[in-house]
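Enquirer: This is the structure, below, for whatever I ask next.
There are 2 protein chains.
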Amino acid sequence: MSKIYVVGIGPGEYEQMTMRAANALSSCDTIVGYTVYVDLVKAHFADKEFLTTPMRKEVDRCVLAFEEAKKGKTVAMICSGDAGVYGMSGLMLEIGVDYPEVEVEVIPGVTAATGGAAVLGAPLIHDFALISLSDLLTPWEKIEKRLLLASEADFVICLYNPSSHKRKDYLQKACDLMLQHKAPETVCGLVQNIGREGETYRILTLQELRDTQVDMFTTVFVGNSMTKEINGKMVTPRGYRHGKEE
Amino acid sequence: MSKIYVVGIGPGEYEQMTMRAANALSSCDTIVGYTVYVDLVKAHFADKEFLTTPMRKEVDRCVLAFEEAKKGKTVAMICSGDAGVYGMSGLMLEIGVDYPEVEVEVIPGVTAATGGAAVLGAPLIHDFALISLSDLLTPWEKIEKRLLLASEADFVICLYNPSSHKRKDYLQKACDLMLQHKAPETVCGLVQNIGREGETYRILTLQELRDTQVDMFTTVFVGNSMTKEINGKMVTPRGYRHGKEE
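As given, the protein sequences belong to chains A and B, one line each in that order.
Mapping of the first sequence onto this note's numbering: residues 37 to 282, in sequence order.
Mapping of the second sequence onto this note's numbering: residues 37 to 282, in sequence order.
So this is what it looks like as structure tokens:
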């Protein structure tokens, strides 16, 4: 039986990958992915065949991977971060129905939420919600509802895809919704280029975040009512009963 | 300046760790952790000094790590999964205020949510909320509110700490709350012993989950309104506009 690994390569450079992911890439014949991610791993797996498709051609990329596997090759489909968080593993399993002779194994990786959290300090220590601001495949009303209810529930909120060329004011809109339930002084954080060259972060209040422009390489963190700034880091306590618990 | 790495070792065996995490463990003198996690890595770093403290002695464990670092040693504090998701990185940064001469670097890992998702298929492809059912440090009313609002918002919900000796009926209570907004036939998944010996999973409906007993080594996934079972795997589509998107 042919095999495809769907591999999360982590948020940035090679060493952010798990050993299991690196072993899977070593063991395969062909690595398939979006051009940018293929470039991140190419130097470490020089003996492999690489196949790339552009952004937004996800279905084509999946079919390409299955067609290679059908020829008898062991294939790795790579995704940045984790393949299962806004990644390709779902589409691969859906399209895999047409390729019963190919086995699909998903290999997890560090997603931008936990990768970015480590840069900021410890914002995700307690319950959190992950929301993408991209309305490409999700109606904006649904995103709006989630922002409101997650804020009302006092979740720490991590925002993926906070901006793009067409959606310059989405983060501002999102902040206005969160401000209906979260205080303006709520501690927030921004991380750019997680785990790769140019990695930077910034701690700011929700009110300040509202008036900040971010790019598409930024992950946004909005604290809960207990989140604090400690020595320039963003920290959410583990519990609500005590300050420091045992 | 002395250094402490706070390292997420991933959800199970050694190769679930990132290369960055393994490099940090290689470079340190002393590895500090809860006994069970230390046993998972001990064989791979035999030349290190190991210090352990029992469960629930988290503050002691942090102080131990800082006192070692103060002596000039490079220390790694290890956590299962990711150190920043219900892990030790927050407490380390809080206690670190008393040790300004020690630098703390957090190294992310694969958390049980994404590790378990990979075993089940692709349940977390779209927006999700992570909720711990442990009321040790969080009032149950707060947990209840989050379960209700996250269900109303149609998040995929991942539950940590779904059970313990003292909380045998908490998962049932949680399901009853989620059933106020989610359909009884909502696709759910259970994963036990993620990434280690004895790893198993099961797909079931929310109604069935309600009447299922799970142990403390189980992570629970509750789908959104679009989540499907495909060839025995749990899959959440990427979007709400189409079935298969491009």
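Ideal Cβ placement from N, Cα and C applies to all residues, glycine included.
Keep in mind it's a predicted model, so treat the numbers as computed, not measured.
In the DSSP assignment, what residue or residues form a beta bridge with A/A112?
Expert: A/Y41, A/I67.
Enquirer: Spatial neighbours of B/V138 within its chain, please: C-beta separation below 8 Å, excluding the five flanking residues on both sides.
Expert: Excluding positions up to five away in sequence, the list reads M37, S38, K39, I40, F102, A105, K106, G132.
Enquirer: How would you list, in chain order, the residues of chain A whose beta-carbon sits under 7 Å from the beta-carbon of B/G120?
Expert: Near B/G120 (Cβ distances below 7 Å), the residues of chain A are T150, A153, A154, A158, L160, I161.
Enquirer: Rounding to the nearest angstrom, what Cα-Cα distance links B/V72 and A/L160 in this structure?
Expert: Near 23 Å, if we compare the C-alpha coordinates of A/L160 and B/V72.
Enquirer: On the premise that A/T174 lies in contact with B/G275, defined as a C-beta separation below 8 Å, what is that separation, rounded to the nearest angstrom?
Expert: Yes, they are in contact, since the Cβ atoms of B/G275 and A/T174 sit about 6 Å apart, within 8 Å.
Enquirer: Going residue by residue through the stretch 158–206 of chain A, where are the continuous beta strand (DSSP E) segments of at least 3 residues, counting only ones entirely within it?
Expert: The stretch 158–206 of chain A contains these whole beta strand (DSSP E) runs: 164–168, 192–196.
Enquirer: Specify the secondary structure class of B/V250 as computed by DSSP and reduced to three states.
Expert: Here B/V250 sits in coil by DSSP.
Enquirer: Between B/T255 and the rest of its own chain, which residues show a CB-CB distance below 6 Å, the 5 nearest in sequence each way excluded?
Expert: Once the five neighbours on either side are set aside, the close Cβ partners of B/T255 are A148, G152, V227.
Enquirer: Between which residues of its own chain and A/L213 is the CB-CB distance below 8 Å, once the five residues before and five after are set aside?
Expert: If we look at A/L213 and ignore the five residues flanking it on each side, its Cβ neighbours are E180, L183, L184, S187.
Enquirer: Give the interface partners of B/K78 over in chain A, defined as CB-CB distance under 8 Å, in chain order.
Expert: Per Cβ cutoff of 8 Å: no residues; B/K78 is ~17 Å from chain A at best.
Enquirer: Would you tell me roughly how many angstroms separate the C-alpha atoms of B/C224 and A/V74, rounded to the nearest one?
Expert: Their backbone Cα atoms lie some 33 Å apart in a straight line.
Enquirer: Considering only the alpha carbon of each residue, which of A/T110, A/V258, A/T236, A/D251 lies closest to A/E85?
Expert: Looking at the Cα atoms, A/T110 is the closest of the given residues.
Enquirer: With distances taken from CA atoms, which of A/T241, A/M252, A/K218 is nearest A/I230?
Expert: Measuring from the Cα of A/I230, the nearest candidate turns out to be A/M252.
Enquirer: Using the DSSP secondary-structure output, state which residues sit across from B/T272 in a beta bridge.
Expert: Its beta-bridge partners do not exist; DSSP assigns none.
Enquirer: When we look at the beta-carbon of A/G123 and count the other beta-carbons within 10 Å, is it buried (16 or more) or exposed?
Expert: A/G123 should be labelled buried.
Enquirer: Count the other CB atoms, across all protein chains shown, that sit within 10 Å of the CB of B/P144; report buried if there are 16 or more and exposed otherwise.
Expert: Buried, because 16 or more other Cβ atoms sit within 10 Å of the Cβ of B/P144.
Enquirer: Below 8 Å between beta carbons is the criterion; list the residues of the stretch 206–218 of chain A that meet it against any residue of chain B, in chain order.
Expert: Hits within the stretch: zero.
Enquirer: Can you give the beta carbon distance from A/R115 to A/I45, rounded, assuming they're within the 8 Å contact cut?
Expert: The sequence shown places Cys at residue 115 of chain A, not Arg. The Cβ separation is near 7 Å, so the contact holds.
Enquirer: Could you check what DSSP says for A/L215 in three-state terms: helix, strand or coil?
Expert: In this structure, A/L215 counts as coil in the three-state DSSP scheme.
Enquirer: Please decide whether A/R56 counts as near chain B, where near means a Cβ-Cβ distance under 8 Å.
Expert: So yes, A/R56 belongs to the interface.
Enquirer: Report the option in A/R92, A/E51, A/E94 whose CA atom is closest to the CA atom of A/A79.
Expert: Closest by alpha carbon: A/E51.
Enquirer: Hey, how far is the Cα of B/M91 from the Cα of B/G69?
Expert: Between B/M91 and B/G69, the C-alpha separation is close to 9 Å.
Enquirer: Bridge partners for A/E51 per DSSP, in chain order?
Expert: Answer is none; A/E51 lacks a bridge partner.
Enquirer: Among B/Y135, B/L207, B/H201, B/A154, which one has its Cα closest to the Cα of B/S168?
Expert: The option with the nearest alpha carbon to B/S168 is B/L207.
Enquirer: Can you pull the chain B neighbours of A/T174, defined as C-beta to C-beta under 9 Å?
Expert: Result: H162, D163, R274, G275, Y276, R277.
Enquirer: Assign B/D247 to buried or exposed, taking buried as 16 or more other Cβ atoms, counted over all protein chains shown, within 10 Å of its Cβ.
Expert: Its Cβ having fewer than 16 others within 10 Å, B/D247 is exposed.
Enquirer: Compare the beta carbon distance of A/L166 and A/Y196 with 8 Å and say whether it is the shorter of the two.
Expert: Against a cut-off of 8 Å, the Cβ pair of A/Y196 and A/L166 comes out as a contact.
Enquirer: Among residues of its own chain, excluding the 5 on either side of B/P273, which ones have a beta-carbon nearer than 6 Å to its beta-carbon?
Expert: Contacts found: M262.
Enquirer: Could you tell me whether any Cβ in chain A is nearer than 8 Å to the Cβ of B/M113?
Expert: So, not an interface residue.
Enquirer: Can you name the start and end residues of the beta strand (DSSP E) that A/K264 belongs to?
Expert: Unbroken beta strand (DSSP E) run through A/K264: 264–266.
Enquirer: Quick one: what does DSSP say B/V146 is sitting in, helix, strand or coil?
Expert: DSSP places B/V146 in coil when its eight states are reduced to three.
Enquirer: B/Q52 CB to nearest chain A CB: under 8 Å?
Expert: At least one chain A Cβ lies under 8 Å of B/Q52.
Enquirer: Enumerate in chain order the residues of its own chain whose CB-to-CB distance from A/P220 is below 8 Å, with the five nearest sequence positions on each side excluded.
Expert: If we look at A/P220 and ignore the five residues flanking it on each side, its Cβ neighbours are T241, L242, Q243.
Enquirer: Against chain A, does B/S125 count as a neighbour if the rule is that its beta carbon must be under 8 Å from one of theirs?
Expert: Yes, because at least one Cβ of chain A sits closer than 8 Å to the Cβ of B/S125.
Enquirer: Taking A/A60 and A/A119 to be in contact with their CB atoms under 8 Å, please state how far apart those CB atoms are, rounded to whole angstroms.
Expert: That pair is no contact at about 11 Å.
Enquirer: Here's the rule: buried if 16 or more other CB atoms are within 10 angstroms of the residue's CB, otherwise exposed. What is B/K202?
Expert: Flag for B/K202 reads exposed.
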